[in-house]
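Engineer: This is the structure I want to talk about, given as structure tokens.
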Amino acid sequence: MPAANSRSTLSRQWELLKLLPSRPPGYTVQMLVEQLADAGYGISKRTVERDLNELSLLFPLQCNNKGIPYGWYWTPGSPSDLPSVTLSEALTLQLVENSLRPLLPAGILKSLQPRFAQARQKLDALTAQMPAARWIDKIASVAPELNLIAPEIDPDLLDAIQQALLGDQQIDSTYFAAHTNKTRTLTLNPLALILRGNISYLAATVEPYTDVRLFAVHRFKQVEILETPTNRPADFELKTYIKSGALQFSQGDVIQLKARISGDLVNLLTETPLSADMQIKAEEDSHALSATVLDSWELHWWVLSQANAIEVLEPPELRAEISRKIAMAHALYEES
């Protein structure tokens with residue numbers, strides 16, 4: 313038997329073993345055929361029957377032959393947790409590996425390394441035989457914005473932050489504040505680690521204050537875990553915090569945006585609205601836009617990125633701010 317076919321057969325049989333339940337009445341052959349098909353193994357009922365008969369000679373498997381259709385299962389009391397990954401698990405692990413790395417504590421990540429390696433090895437071994445194993449080469453998730461290179465993070469500092477989060481402990485830190493261009497010494501209460509694009513942020517309060525702030529992890533210069541427990545705000549909940557618009561760098565203020573839009577921006581916003589209540593109405597030379605949105609740094613950036621196709625009308629403060637920045641940009645090009 314060619315090596316590729318041998319690997320495919322072994323992988324299929326291993327997957328079959330992992331599908332079997334640990335107690336009667338077990339799964340019928342037809343049920344197993346369907347589950348294997350869902351996992352990417354399109355094979356016949358006869359092949360599954362042959363596999364089960366062969367595997368029952370090597371593993372403690374039983375067939376419930378008291379009624380038709382027969383059900384297959386592991387002998388009660390026998391170990392049925394096989395040290396392997398299924399094809400679907402291998403695909404999932406490959407898809408999430410890069411996203412998980414900056415979020416998981418070093419100890420947990422280290423324990424997952426063998427699983428990541430198993431996933432890569434399994435997909436490499438099966439790629440020639442099974443279409444499902446090639447799925448990883450046919451999909452991608454790409455950020456819509458300019459693909460900036462992720463900042464470097466000191467792994468020891470990241471590990472200290474993660475350990476403090478796990479243990480609900482305060483940290484003493486030295487942090488570079490970009491908006492003031494100064495380094496500060498802060499005692500922080502770590503609350504959550506958040507990945508936004510390719511930048512990781514620590515949500516924390518600064519002793520003795522209670523307002524939650526965001527700290528870019530790559531800007532920490534020193535971190536020391538303290539014995540003192542975290543002073544966690546009683547009302548802090550991560551999902552609520554994210555919904556508040558904090559990750560758009562907003563104070564939570566909601567505004568009614570009114571603007572004139574034109575060109576491709578009309579089609580873009582028709583397909584991907586700014587808000588649930590957004591309205592676009594055709595006018596003589598343009599379209600009128602209205603939407604309820606968060607007044608955020610991200611909104612300002614977006615408006616400026618579409619400056620040739622949008623004119624902000626309201627609120628007047630936003631119009632003035634956008635106008636000022638466009639004038640500054642124009643001055644730069646005029647000076648050149």
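Numbers given in the working numbering equal positions in the sequence shown, counted from 1, plus 312. Using N, Cα and C, we set each Cβ at its ideal position, and we do this for glycine too. If you're wondering where the values come from, they're calculated on a predicted model, not measured in any experiment.
Go to tryptophan 447, then tell me how far its beta strand (DSSP E) extends in each direction, as first and last residue.
Structural biologist: No beta strand (DSSP E) holds tryptophan 447; DSSP gives it neither H nor E.
Engineer: Are the stretch 464–471 and the stretch 431–445 touching, with three or more C-beta to C-beta distances below 8 Å?
Structural biologist: Result no; under three Cβ-Cβ pairs closer than 8 Å.
Engineer: Do you know offhand how far glutamate 327's Cα is from arginine 335's?
Structural biologist: Cα-Cα distance, rounded: 18 Å.
Engineer: Might you give, ordered along the chain, the residues of its own chain that have their beta carbon closer than 7 Å to the beta carbon of glutamine 591, omitting 5 neighbours on each side?
Structural biologist: These residues qualify, in order along the chain: Ser602.
Engineer: Quick one: residues in its chain with C-beta nearer than 6 Å to the C-beta of arginine 324, no 5 flanking neighbours on either side, listed in chain order?
Structural biologist: Only Tyr353 meet the Cβ criterion.
Engineer: Rounding to the nearest angstrom, what Cα-Cα distance links glutamine 342 and serine 356 in this structure?
Structural biologist: Answer to the nearest angstrom: the Cα atoms are 9 Å apart.
Engineer: Please report the straight-line C-alpha distance between proline 585 and proline 541, rounded to a whole angstrom.
Structural biologist: One C-alpha to the other measures close to 44 Å.
Engineer: Which same chain residues end up closer than 7 Å to threonine 340 when comparing Cβ atoms and leaving out the 5 residues on each side of it in sequence?
Structural biologist: Excluding sequence neighbours, threonine 340 sits near Pro381, Tyr382, Gly383.
Engineer: Is alanine 462 buried or exposed, if buried means 16 or more other CB atoms sit within 10 Å of its CB?
Structural biologist: Its Cβ having fewer than 16 others within 10 Å, alanine 462 is exposed.
Engineer: What residue does the beta strand (DSSP E) around glycine 557 start on, and which one ends it?
Structural biologist: Element bounds for glycine 557: n/a, residue is neither H nor E.
Engineer: From glutamate 646 to methionine 640, what distance separates their C-alpha atoms?
Structural biologist: Going from the Cα of glutamate 646 to the Cα of methionine 640 covers about 10 Å.
Engineer: Based on the DSSP output, what are the partners of phenylalanine 532 in its beta bridges?
Structural biologist: Tyr487.
Engineer: CB alanine 476 to CB proline 502, shorter than 7 Å?
Structural biologist: Cβ atoms of alanine 476 and proline 502: closer than 7 Å.
Engineer: Does the beta-carbon distance from serine 598 to arginine 572 come in below 7 Å?
Structural biologist: Yes, these two residues count as a Cβ contact at 7 Å.
Engineer: Using a Cβ-Cβ cutoff of less than 6 Å, which residues in the same chain neighbour isoleucine 290 once the five nearest sequence positions on both sides are dropped?
Structural biologist: An answer regarding residue 290 cannot be provided, because it is not within the stretch 313 to 648 covered by the chain.
Engineer: Out of curiosity, what's the CA-to-CA distance linking alanine 418 and leucine 412?
Structural biologist: Each residue's alpha carbon lies about 11 Å from the other.
Engineer: Candidates Phe371, Thr404, Ser400, Leu403: which alpha carbon is nearest proline 388's?
Structural biologist: Comparing Cα-Cα distances from proline 388 to each of Phe371, Thr404, Ser400, Leu403, the minimum goes to Phe371.
Engineer: If I measure Cβ to Cβ from valine 360 and keep anything under 6 Å in the same chain, skipping five residues before and after, which residues do I get?
Structural biologist: Closer than 6 Å at the Cβ level, and outside the excluded window around valine 360, lie Val341, Leu344, Val345.
Engineer: My parser needs the alpha helix (DSSP H) runs of 4 or more residues fully inside the stretch 395–469; what are they?
Structural biologist: DSSP runs (the alpha helix (DSSP H)) wholly in the stretch 395–469: 399–412, 418–438.
Engineer: In this structure, does DSSP put isoleucine 638 in helix, strand or coil?
Structural biologist: Helix at isoleucine 638.
Engineer: Quick check for students: name the residue ranges of the beta strand (DSSP E) that lie wholly in the stretch 545–607, counting only runs of 3 or more.
Structural biologist: Whole beta strand (DSSP E) segments, 3+ residues: 562–573, 591–594.
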